[in-house]
Every structure is written in structure tokens, then in C-alpha cells.
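So the sequence shown is numbered by full-length UniProt numbering: it starts at 1 and just counts up by one.
No residue lacks a Cβ here, since even glycine has one placed at the ideal position from N, Cα and C.
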Amino acid sequence: MEKTSSNQIAEAIEKQLPKEEVFVPTYRCQYRIHSLNGQECSLNAVLRDVSKHGTRIFHTDPITVSDAVGSALEMSIYTDVIHYSRKLSGVIRWEKESESGYEYGVQFDEPIHLELFRTLHDSLLGIKNKIESDEPKNPHSGSLSIVFQAKEKIQAIAPLLAQLESSLNDYEYAVGYNLKEEIYEATYMLLQPIYEFLKKKSNDLYHELPPNEIGYNFQYIRQELREFLFLDPFVKRATLKPLGYAGDFEMMDAIYRNTNEGTNLLGKSLHKCTLNLKSAQAVFHRQNFFYRTILDRLKKTEDKIYVLSVACGPAREVVTLVRNADQSLLDKLSIFLLDQDPRAITEAKHGIRIALLRSKKKLDFHCLNIEISRFAANPKKYVPVSEMDMIYSAGLFDYIKTRTAQKICSHLYSILNPTGEIFLGNFSADSDEIGIMEVMDWGLIYRTDEELVGFADTITGPKTVGVIDDAFPQKFFYLTKSSPSKN
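This is the structure we're talking about:
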């Protein structure tokens with residue numbers, strides 16, 4: 001049996017909320033509203049949650065026209081550096097009064113293309129900050145050395161790779177697929193020492209620099225090597241952040257696909273180097289860890305178990321479970337997959353459905369498209385099961401501060417059954433790839449065992465807490481809702 005739901009919120013009117021993106025910046029917007037009875041008004045308000053065709057806007061006072069619901073609306077977005085002059089037409093679908101003001105749900109006639117606006121805005125803002133900077137900064141000697149040596153090495157081989165790729169294309173009808181794969185593998189092996197150099201030197205630099213100089217120096221390295229690094233679509237997406245943050249579901253999916261992707265042969269080789277980083281392999285290994293953990297719990301019980309994945313992304317561990325587990329085990333599982341990115345939910349739902357169709361199996365799974373902060377504040381409101389057997393999150397806690405992590409853990413603890421478990425993935429502070437991640441502008445919060453155990457500091461009930469080490473540069477926070485004597 002399959003059960004899916006989207007934006008499961010108690011109030012009926014909020015069922016029409018647009019699907020939120022993650023960490024969308026707040027932009028000022030100007031709205032011109034035309035009501036059904038001929039009235040017009042203008043409104044300046046903040047753009048909040050955004051999907052491809054919709055948004056939710058907030059204002060302290062109500063819209064002055066009567067019968068606002070159903071009114072036509074035009075929107076333009078502006079910031080200190082750019083004005084999105086293209087008029088976006090839409091309709092107000094719902095209104096809601098809250099303690100702090102009024103919310104309105106808007107559906108637009110065409111896509112908003114906020115990713116394009118954000119990219120342009122961020123680029124212009126970078127130029128503005130450069131111009132207004134009080135003093136020019138000088139890159140650290142280590143940054144200069146990394147850029148010089150990496151450029152020298154890559155520029156020396158780039159023409160040779162281009163010539164090789166041209167030959168491959170000329171004789172594609174004869175060489176066939178297998179030889180192409182061998183060439184990809186050979187160029188990756190030849191390029192790997194350059195990537196290892198960049199990884200080691202950037203990590204040494206990261207630990208050498210004072211904290212206030214890390215951002216500028218790695219921005220310098222990133223900008224200087226951009227023409228090469230952006231040949232790898234994975235690095236390009238991590239840097240540009242089209243959804244507002246690195247590590248989105250598409251990047252996770254690229255790791256799972258592990259195919260030859262890139263602008264040219266050099267880009268494909270760089271892409272393979274990136275995916276062979278231990279940090280990328282750690283992401284892949286997380287899904288195996290959670291797959292094995294769920295499978296182990298299913299094998300050890302005869303009862304139904306209820307599982308929740310927070311910030312599920314494409315949920316590849318569930319796809320793997322469907323493919324490999326017997327139907328008798330799947331019959332015992334009810335799993336809830338929660339993410340605030342609607343595209344991640346769509347990808348998860350699609351992957352699981354395809355796996356079920358191909359294997360001719362059934363699974364009771366529920367997809368929840370809910371903002372993480374809203375869910376964490378009151379999880380019982382959105383999950384109909386009062387006591388979960390297992391809750392896990394693969395990558396969410398790599399991005400959130402400890403105080404927020406403690407609050408989320410406390411709320412998740414409240415919906416565990418008396419012997420329920422929590423597993424949370426987090427990159428390790430002793431990783432030797434922090435530098436190369438900074439080069440990509442993929443900032444994570446790396447933690448020690450002590451910092452992970454601190455997630456449970458605000459939980460007052462019975463608990464057993466621990467840390468599970470991994471072969472890759474990551475750890476798993478573990479909590480079970482029982483005292484050590486009972487565990």
C-alpha cells in the first residue's frame with residue numbers, strides 16, 4: 001500500500017500552501033493587486049517560501065481591497081543591487097490571519113525563475129562588496145601557491161586532453177563505448193595526482209589560516225580556478241547553489257549515479273575525481289548505513305515498525321530496501337519521508353514507485369513536504385503515528401548549529417516509543433578534506449564525538465547516547481529512548 005501526502009497541516013486552508021524551497025533568502029517585493037470588484041492597491045511585502053509557480057507573502061496589515069481571494073496580482077522583486085522588472089502575474093488563492101499579521105498564498109501563471117534571479121543577485125552583490133571594500137586584501141602565500149601550481153599543471157594537459165577528445169569523436173563509430181570508458185578511466189588516473197595536490201594543500205591552508213581569513217582566501221582560490229572547476233557539474237552546482245544551498249538532492253543523486261558527467265574530457269575527469277573524494281563516498285555510504293539499519297530492525301521483530309526520515313532527499317536507502325528486502329519484511333514497515341524541498345520529495349516518490357513496480361512489491365510509505373523548522377516545532381502535528389520506532393537524518397545536521405540541533409533532537413525524542421532510536425549523520429572534525437570542500441564553497445559543520453553527544457544535552461528523559469564511527473570522514477549520533485541499565 002502506498003500513501004502519500006503533501007503539506008499535511010491541520011488547518012484546511014493551509015493545504016494550499018506552496019511547496020517551500022530550503023533557505024530561500026527574503027527579498028523585498030512590490031505587488032499590484034486588482035480585485036474582482038474593480039478595486040486596486042499596491043503593497044510592499046517580503047517574499048517568503050517559493051516554488052516554481054507559487055509563493056506565500058506576509059504583511060502586517062491586511063490587503064486593502066475587499067474580497068482579496070481571487071484577485072489578480074502582479075509582482076516584481078528588488079534588492080539593493082537588482083530590480084526584477086519583469087512583471088509576474090498571478091492570483092491570490094487564500095488568505096490567513098496570524099498573530100503577527102496576514103499571509104496570502106499566490107499562484108503565478110508562469111515560472112518565477114528565482115534561481116536565475118538569485119544567481120544574478122549574488123554575482124552583483126559580490127561586485128558591490130568588492131567595490132565598497134575599505135582595503136584591498138592580499139591572498140595568503142599558500143593561496144597564491146595553490147592557484148599557481150594547480151593552474152600550471154592543468155593548463156599543461158588541457159590542450160592534450162582536448163586533442164584526445166577530438167580524436168575520440170572523430171573515430172567514435174569505430175572505437176565503441178568500451179574504449180571510451182577506458183579513456184575516461186585513464187584520464188582520471190592521470191589527473192588524480194593534481195586533485196590530490198589540491199586536496200592536501202587546501203586542507204593544510206584551511207588549518208593554517210586564522211578563521212577571519214578563511215573565507216577570502218578560499219574565495220580567491222575558487223575564483224582563480226573557476227574556469228577549470230566549473231567543467232565539473234558537481235562542483236559548479238555546489239558553488240552556485242541554484243536551490244540556495246549546497247548538497248541538494250540533485251548533488252546527492254549525482255553521487256549515487258556515479259557516471260561520467262562534465263563539459264568535456266577534462267570536466268569528466270575532474271568529476272570522477274570529485275566523486276572519489278572520501279566525503280562524496282561518505283554520502284553514498286550513509287544510504288547503505290541506513291538501509292542496513294532498517295533491514296536489521298525488520299529482521300529482529302515480528303511487529304510493525306514505524307520509521308521517519310527527516311530531510312530525506314532522494315531516499316535512496318528506501319529504494320535499495322525495496323529492491324533487496326523480501327515482501328514479508330516490507331509488510332512490517334511503515335516509513336515517513338519528510339523534506340522541505342518539493343523536488344526532493346518528487347524524486348524520492350518517483351524512485352520508490354519505480355522500484356516497487358519493477359520488483360512487484362508493496363510498501364506503506366508516506367511523503368511529507370513540510371518545512372523542517374515547522375515540523376520540528378511540533379512533529380506530532382504532521383506525523384499521525386504517536387510513537388516512532390526509528391528516526392534518522394542523513395545530512396541535515398551537517399548544516400545546523402548545535403543549539404538548533406538540540407531543539408530538533410528534543411522534539412524528535414518526544415515522538416519515540418519507549419525503546420525508539422535516533423540516528424543522525426554528521427561529518428567528522430578530523431576529515432582531511434575540509435579544504436577541498438571549502439574550495440567548492442560547500443560549507444559544513446564538522447563535529448567531534450563530544451559535540452555530537454551534546455545533541456542530547458537538553459533531553460531530560462531516559463536515554464542512552466553514543467557515537468558510531470565510520471570508515472569515511474563521518475560519524476553517526478545514536479540515541480535510544482531507554483536508560484543504559486535497560487539497553
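When beta bridges are read from the DSSP output, Lys475 appears opposite Asn426 and Asp469. The C-beta separation of Val467 from Leu452 comes to about 5 Å, placing the pair in contact by the 8 Å criterion. Counting every other CB atom within 10 Å of its CB across the protein chains shown gives Asp248 a total of 16 or more, marking it as buried. A distance below 8 Å separates the beta carbons of Asn426 and Arg447. DSSP places Gly420 within a strand segment (E or B) once states are collapsed to three. The region 341-380 is shown to contain whole alpha helix (DSSP H) runs of 4 or more residues at 342-359 and 372-377, in chain order.
A residue is called buried when at least 16 other Cβ atoms come within 10 angstroms of its Cβ; Ile255 meets this threshold and is buried. When C-alpha distances from Ser386 are compared across Pro211, Asn417 and Gly395, the shortest belongs to Asn417. Checking the DSSP bridge columns, you'll see Cys29 partnered with Ala45 and Ile77.
Ile305 places its beta carbon less than 8 Å from that of Asp389.
Under the Cβ criterion (8 Å, minimum of three pairs), the region 342-351 counts as touching the region 312-323.
Secondary structure at Phe234: helix, using DSSP grouped into helix, strand and coil.
Taking a 10 Å sphere around the C-beta of Met189, we find fewer than 16 other C-beta atoms and assign the residue as exposed. In the three-state reduction of the DSSP assignment, Gln107 falls in the strand class. A straight line joining the alpha-carbon of Glu433 with that of Gly101 spans about 46 Å. One Cα belongs to Glu97, the other to Pro384, and the distance between them is close to 26 Å. A straight line joining the alpha-carbon of Glu196 with that of Asp204 spans about 12 Å.
When the alpha-carbon of Lys200 is set against those of Lys380, Leu168, Thr458 and Lys278, the nearest one is in Lys278. Taking one beta carbon from each stretch, the region 258-270 and the region 292-303 have fewer than 3 pairs nearer than 8 Å; the two do not touch.
When the Cα atoms are used, Thr464 and Cys409 turn out to be separated by approximately 13 Å. In the three-state DSSP reduction, Val91 falls in the strand class (E or B). Excluding five sequence positions before and after His350, none of the CB atoms of its chain fall closer than 6 Å to its own CB. Taking a cut-off of 8 Å on C-beta distances, the region 26-40 touches the region 61-75, as three or more cross pairs fall below it.
Taking all protein chains in view, the Cβ of Gln340 is crowded by 16 or more other Cβ atoms within 10 Å, so the residue is classified as buried. Inter-residue distance for Thr239 and Ser309 is about 27 Å (C-alpha atoms, whole angstroms). If only complete runs of 3 or more residues are kept, the region 233-313 shows the beta strand (DSSP E) at 305-310, in order along the chain.
Nearest Cα to Arg257 within the set Pro242, Val283 and Gln192: Val283. In the structure shown, Met390 falls within a strand segment according to DSSP collapsed to helix, strand and coil.
Scanning the region 427-464 from its first residue to its last, the whole alpha helix (DSSP H) runs of 4-plus residues come out as 434-439 and 449-453. Counting only residues of its own chain and dropping the five nearest sequence neighbours on each side, Phe230 has a CB closer than 6 Å to the CB of Lys236. Of all alpha-carbon atoms in Lys380, Glu99 and Lys137, the one lying nearest the alpha-carbon of Ile214 is that of Lys137. With a 10 Å radius around the Cβ and a threshold of 16 neighbouring Cβ atoms, Arg56 comes out buried.
Within the same chain, and ignoring the five residues on either side of Ala429 in sequence, the residues whose Cβ sits closer than 7 Å to its Cβ are Tyr446, Arg447 and Thr448. Take Asp469, set aside five residues on each side of it, and the residues of its chain with a beta-carbon closer than 7 Å to its own are Lys475, in chain order.
When the five nearest sequence neighbours on each side are left out, the beta carbons in the same chain lying within less than 6 Å of the beta carbon of Tyr413 are those of Ile459, in order along the chain. By the Cβ neighbour-count rule, Glu99 is exposed, with fewer than 16 other Cβ atoms within 10 Å of its own.
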